[in-house]
Structure formats: C-alpha cells, structure tokens
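*Asks:* In UniProt numbering, the protein residues as written are 1 to 467.
Each residue gets a CB set at the ideal place from its N, CA and C atoms; glycine is no exception.
As the structure is a prediction and not an experimental result, all values here were calculated from the model.
Below: one structure in structure tokens.
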C-alpha cells in the first residue's frame, strides 16, 4: 500500500470516527449528568437515595440513546432530521435488554437521511397553503414507520450484536487482556482517531457495563490522560530548545484542561516516543483491572478533574494509583528516549517545521489568489470534535485579530459541522485533506497548521490578511 492509499484510509477512518463522535460529543453534558447522579445516588454510591436513584435507569435506557439519535438525525437534515432520528431510535430502545446507544448512532442518521430524501422528492409538489400539513404528515408517517420497523425488525438484531460485543469484552477482561488495547490506541490517538475510539467504541460498551456493574474500565482505555502527561513532563526536564520551553504550559493544558491534541505534536516530532504512552497506558489499565478501577461515565475532556468526578465510591485509591502509575512509567520511558536522543536540537527541527508551515500557508494563499480582510469576513478553526483544540486556537486567533483591528469573525467547530458560509478554514495539516473533502463551497479557502496553539502560525495568517 503506497503513501497516498494509506493517507486515504486514514482520512476515511477519521471521517467515520468523526461521524460517530459528532453524535456523542454534543451530548457529553448529559452523560456527565447521568454519571454524577449514578455516582451519588445508586445503592453503592456516595449518598444512596432510593427516590433519586429512580433517575438512573430511565436516563440510561431512554434519554441518552434518544439524544444521540436526535443529534445523528440533526447532523444529516437539521431539526426535521433530528425529530425523525429521535422517533426511529425510540423503536429500537423499547423492549431492548441492553442500552441502545449504538442503535441511536445508526437509526438517527438513517432516519435523517430518509426524511431528507423525502423532503427533496416532495419539493415543489405541494400546493400553496399545504406545506405545513405535508411537512408534518410526511415526518409523522415516515417516523412512525421507522419506529415500528425498529421495534419489530431492527431492535432484535441490535440486541444480539450488543450482547455479543458485551460477552466479547467480558471475555477479554476475564483474561486480563484489556491492557493490550494500548498497543493500538496510543498510536491511533496521535492520528486524530482518539474521539472515534473513545466515543464511538468504548463509550457505548462502557455504559452497558455501568448498567451491570456500576462502573467500567473501558472509559479509561482512551480517556486516561496520565500517560500523555508523563510524556509532557519528560519534555519539561529532558527536552531541548523550544519544545522544552513550551512543554510546561502544554502539560498543564493536557492534565487540567484535558485537551489531548496539545500533546500530539510532541510525539509526532519524535515518533519513537509513542512507546511511552503505550507502556504507560498498559500500566494504568493493568492497575485498574487488577484492583477494580473504573469510572461511571467517560471523562470528557480527559482532565484529571473529570477523571476524579466520574470515579465512583470505593475506587478513588485504585483510580489515582492507575493514573499516576501510568504517568510515571510514561515519564520514565519518554525521559530515557529523550535523554539518549542524539538527533539535531528541537529548535532546528521546529524551525524547519515552522518554515514548512509558513511555506504551506503561503502556497495555499497564493494558489487561491490574494486574500485580504475585505474578502475574508468569517474564519473557522476546525478540529475533529470541535470542542477542544479548535476552541483554544479560535480564542488565540480571535485575540490577535482584535489587536490587528480587522473586522473578521472567528469561530470553531468540528469538521463534520462546518457551515457553508465560511470564507477561510484553519485546521491541523493532518486533517486538511479531510476538511477539503467535506466542504462543498468552492469559494472556501483552507490553511493547514502544525499546532493549534502555535502563535507564529496565526501571526503569519494575520500578516497576510492585513496586506
């Protein structure tokens, strides 16, 4: 497989992962609310309460899958797609023996797509004055059919699939093999597949485990930031040049802010360092599994604060031990690799990367013609989830634009939810091709940067806009 084919597969996997996470990420607040209520009020919680414990089951069974179904439909066809997605998801939820998060991920977008096609077919066929009637009845009829179909035919299939997956996970856990997942997860993180793994795979299975056991280790396969912090701390002590100077601030952002994307450039700079989070994560998962660790919901973002808030009663010691155990192992391995590294100083490497980034920006701008503040009125900073690194990058760029006194708005979003009226999209260079394949507006221009928090790259863009 050549480089271009590998890149195409990476983009396809990123797209699929982004598609899944775009249904879960907007609803993380609901998952956290459920996790807090679960941790507090279940019989083994911090303050058991029989009355409030009644919220736990229905929220898990109905609210979370339907929210995901609505969001999936909304992503396809706006509010009408969202309503259709919620109706269709209800069909697979009713009567299911397991939590139908995956059912919502499939039925929501499917219903949104069907109602979108139906609306397109009906367009121009309605007599004036009957539009609202036709819209409501078409949505009701299609939604009702999908609900019946979901309950009658699709729910039993999902039930078998989810039960089989749960049995497979339990088999892996029973044999102590879950730490081996780190071999695949840690490299996938730096390729921007972290949200696909965390919210598309681990979260649905983890929620099912919480319903059975009150906590799940699966939320911590990708959601544990300890090994990532270990790499950053190693850079603080054993790094060189610019990387060492910027590592302390990045460490704080990763550990307390939970923005994992800040850590990616430091590993991509020296790919061998991926060994550190692999073995660090293995250590954490081994401790979690051996001594019964886990959380009641996904710690998102992966901040240590979210990690502790989602820790149930009786698991604090093991969870903290796992977090810092993985951090220590990752720190020692990364520190050793940085110490024995005899390659050129980080300053020179980063200078080359910065020069390459500047050339990339210049070439992009030159290919698309002269860009001025008159033609660029709306800039969007996009990342995979649209909630972490892009938000920080947009904040940084917004501040610089304000100082430059340019009349340009700056927002952030996920790659899957980019509006059509954006003039300029800024994203990570590894996500650039994916962004171009998603955006349909031929007038939208793109710039790929190497680091969402690198001020110099934004300075170059501001300088070009001011010209």
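Take residue 299 and list the residues in its own chain whose beta-carbon comes closer than 7 Å to its own, dropping the five residues that flank it on each side.
*Replies:* The answer, listed in chain order, is 219, 223, 306, 307 and 310.
*Asks:* Contact between the segment 33-44 and the segment 434-445 is defined here as three or more beta-carbon pairs at a separation below 8 Å; is this criterion met?
*Replies:* No, the segment 33-44 does not touch the segment 434-445.
*Asks:* Helix, strand or coil, according to DSSP, for residue 298 in the structure here?
*Replies:* Three-state result, residue 298: coil.
*Asks:* State the Cα-Cα distance for the pair residue 161 and residue 294, rounded to the nearest angstrom.
*Replies:* Going from the Cα of residue 161 to the Cα of residue 294 covers about 24 Å.
*Asks:* Terminal residues of the continuous beta strand (DSSP E) containing residue 446?
*Replies:* Unbroken beta strand (DSSP E) run through residue 446: 445-449.
*Asks:* Taking 9 Å as the cut-off, decide whether the C-beta atoms of residue 84 and residue 73 are in contact.
*Replies:* Yes, they are a contact pair.
*Asks:* When we look at the beta-carbon of residue 215 and count the other beta-carbons within 10 Å, is it buried (16 or more) or exposed?
*Replies:* Residue 215 comes out buried.
*Asks:* In three-state terms, what does DSSP make of residue 413?
*Replies:* Strand at residue 413.
*Asks:* Using 8 Å as the cut-off, can you tell me whether the segment 319-334 makes contact with the segment 277-286, which would need three or more C-beta pairs spanning the two stretches below that distance?
*Replies:* Output reads yes: the segment 277-286 touches the segment 319-334.
*Asks:* I'd like to know if the segment 385-403 and the segment 249-264 are in contact, where contact means that at least 3 CB-CB pairs between them fall below 8 Å.
*Replies:* Touching, yes, given that three or more Cβ pairs across the two stretches are closer than 8 Å.
*Asks:* In angstroms, rounded to a whole number, what distance separates the CA positions of residue 88 and residue 107?
*Replies:* Approximately 6 Å, taken between the alpha carbons.
*Asks:* Do you know how far the Cα of residue 170 is from the Cα of residue 286?
*Replies:* So the two alpha carbons sit approximately 15 Å from each other.
*Asks:* For the beta strand (DSSP E) containing residue 36, list its first residue and its last residue.
*Replies:* Run containing residue 36: none in the beta strand (DSSP E); it sits in the alpha helix (DSSP H), 28-41.
*Asks:* Can you tell me which of the three DSSP states residue 216 falls into?
*Replies:* Reduced to three states, the DSSP call for residue 216 is strand.
*Asks:* Near residue 250, which residues of its chain fall below 6 Å by C-beta distance, leaving aside the five closest residues on each side in sequence?
*Replies:* Answer for residue 250: 232 and 262, listed in chain order.
*Asks:* Comparing C-alpha positions only, which one of 415, 404 and 330 sits nearest to residue 18?
*Replies:* Of the listed residues, the one whose Cα sits closest to residue 18 is 415.
*Asks:* Please list the terminal residues of the continuous alpha helix (DSSP H) segment that includes residue 89.
*Replies:* Unbroken alpha helix (DSSP H) run through residue 89: 64-93.
*Asks:* Pick helix, strand or coil for residue 381, following the three-state DSSP scheme.
*Replies:* The answer is strand: DSSP assigns residue 381 an E or B state.
*Asks:* Since I believe residue 204 is in contact with residue 102 (beta carbons under 8 Å), could you give me their beta-carbon distance rounded to a whole number of angstroms?
*Replies:* So it is a contact: roughly 5 Å between Cβ atoms.
*Asks:* Short check: CB of residue 95 to CB of residue 68, under 9 Å?
*Replies:* Not closer than 9 Å, so no.
*Asks:* Considering only the alpha carbon of each residue, which of 209, 408, 397 and 182 lies closest to residue 326?
*Replies:* Checked all of 209, 408, 397 and 182; the closest Cα to residue 326 is 182.
*Asks:* On the three-state DSSP scale, how would you describe residue 177?
*Replies:* It is coil, neither helix nor strand.
*Asks:* Could you name the residues of the same chain whose beta carbon sits closer than 7 Å to that of residue 458, not counting the 5 residues immediately before and after it, in chain order?
*Replies:* Excluding positions up to five away in sequence, the list reads 396, 397 and 400.
*Asks:* In chain order, what residues of the same chain have a beta carbon less than 8 Å from the beta carbon of residue 118, not counting five sequence neighbours either side?
*Replies:* So the list reads 138 and 142, once near-sequence residues are dropped.
*Asks:* Based on DSSP bridge pairs, tell me the residues matched to residue 425.
*Replies:* Per DSSP, 380 and 446.
*Asks:* The alpha helix (DSSP H) spanning residue 130 covers which residue range?
*Replies:* Unbroken run through residue 130: none, as it is neither H nor E.
*Asks:* Identify whether residue 315 lies in helix, strand or coil by the three-state DSSP scheme.
*Replies:* Residue state, collapsed to three classes: coil.
*Asks:* Pick from 266, 252 and 254: whose alpha carbon is nearest that of residue 241?
*Replies:* Of 266, 252 and 254, the residue nearest in Cα terms is 266.
*Asks:* Less than 9 Å between the C-beta atoms of residue 462 and residue 426, yes or no?
*Replies:* No, Cβ-Cβ distance for residue 462 and residue 426 is not below 9 Å.
*Asks:* Where does residue 325 fall in DSSP's three states?
*Replies:* Correct three-state label for residue 325: helix.
*Asks:* So, with DSSP's three-state summary, where would you put residue 406?
*Replies:* In the structure shown, residue 406 sits in coil (DSSP, three-state: anything other than H, G, I, E or B).
*Asks:* Under the three-state reduction of DSSP, which class applies to residue 259: helix, strand or coil?
*Replies:* Correct three-state label for residue 259: coil.
*Asks:* Could you check how far apart the C-beta atoms of residue 423 and residue 377 are, in whole angstroms? I think they sit under 8 Å.
*Replies:* That pair is a contact at about 6 Å.
*Asks:* For my contact list, residue 49 and residue 417 are in at a C-beta cut-off of 8 Å; report their separation, rounded to the angstrom.
*Replies:* In fact, because the Cβ distance is near 38 Å, the residues do not count as touching under 8 Å.
*Asks:* Would residue 452 and residue 383 qualify as a contact pair, given that the criterion is a beta-carbon distance under 9 Å?
*Replies:* Yes. Within cutoff.
*Asks:* Determine the burial state of residue 405: buried for a count of at least 16 other Cβ atoms within 10 Å of its Cβ, exposed for fewer.
*Replies:* So residue 405 counts as exposed.
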